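Trainee: Sharing a structure below in structure tokens format, with a few things to ask.
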Amino acid sequence: MRLKGRVVPGAMRGGMLIEKFYFRIKALLGFEPFKGTLNIKLEKPVEIEDFTTKTVDHILLDGRRMIEVYLAPAVLHVPVGGKMYDHESWAVRFAAPHQQKDLIEIIDKEKLEEKLNLKEGTELEITLFEQRKPEKGPPGMGLMRRIYGRESRLSI
Numbered sequence: 002m003r004l005k006g007r008v009v010p011g012a013m014r015g016g017m018l019i020e021k022f023y024f025r026i027k028a029l030l031g032f033e034p035f036k037g038t039l040n041i042k043l044e045k046p047v048e049i050e051d052f053t054t055k056t057v058d059h060i061l062l063d064g065r066r067m068i069e070v071y072l073a074p075a076v077l078h079v080p081v082g083g084k085m086y087d088h089e090s091w092a093v094r095f096a097a098p099h100q101q102k103d104l105i106e107i108i109d110k111e112k113l114e115e116k117l118n119l120k121e122g123t124e125l126e127i128t129l130f131e132q133r134k135p136e137k138g139p140p141g142m143g144l145m146r147r148i149y150g151r152e153s154r155l156s157i
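Counted from 1, the sequence shown has number 67 at position 66 by our numbering; the numbering is strictly sequential.
Laid out in structure tokens, this is it:
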């Protein structure tokens with residue numbers, strides 16, 4: 002999905018959140034992320050969960066999974082000298098109740114504002130790649146798989 006947006010100033014909390022999850026993000030993405038984010042205000046809201054390929058999560062004591070960070074591969078299309086420059090990076094959305102659906106944060110190895118010469122108000126496009134959702138089994142199948150594993154037959 003290709004979306005239009007513009008660079009906006011952030012609430013200055015992206016760096017703190019990257020710092021909090023730094024080692025987990027580094028292990029998931031395979032690079033050391035810059036401790037800050039590029040904030041892009043989209044023309045329309047988007048559910049990043051539909052594009053997510055990696056998550057920072059943990060299992061609660063009752064067995065439920067709690068996701069704290071959604072990560073999705075993204076390509077920024079930035080106008081440079083009349084041409085479009087494509088830059089691969091990662092879209093991130095921290096799981097917080099106050100997160101705006103029309104605001105997306107981008108993380109990369111370097112500070113993107115400097116690398117791509119982006120200023121507040123710069124218009125750009127971003128491509129997110131929709132992920133196929135796993136098929137759900139019948140109700141209760143998740144519990145059965147956790148108890149018995151993925152084996153489909155019983156061995157006697």
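C-beta: ideal position from N, C-alpha, C; glycine also.
Just so we're clear, the structure is a prediction, and the values are computed from it rather than from any experiment.
Does the distance from the C-beta atom of L117 to that of Y86 stay below 9 angstroms?
Mentor: Yes.
Trainee: Determine the DSSP secondary structure at A75, reduced to helix, strand or coil.
Mentor: Strand, per DSSP.
Trainee: Rank R3, I26, Q132 by C-alpha distance to the C-alpha of F35 and give the top, closest one.
Mentor: Looking at the Cα atoms, I26 is the closest of the given residues.
Trainee: With 16 as the cutoff for other CB atoms within 10 Å, does T54 come out buried or exposed?
Mentor: With fewer than 16 Cβ atoms within 10 Å of its Cβ, T54 is classed as exposed.
Trainee: Assuming V8 and I41 make a contact with CB atoms under 8 angstroms, what is their CB distance in whole Å?
Mentor: That pair is a contact at about 6 angstroms.
Trainee: Helix, strand or coil: which one does DSSP assign to L129?
Mentor: Correct three-state label for L129: strand.
Trainee: Could you pull the start and end residues of the alpha helix (DSSP H) that T15 belongs to?
Mentor: Residue identity differs from the one stated: residue 15 is Gly in this sequence, not Thr. 15–21 is the span of the alpha helix (DSSP H), which, as asked, contains G15.
Trainee: Nearest CA to the CA of R14: which residue from A97, R147, D63?
Mentor: The option with the nearest alpha carbon to R14 is A97.
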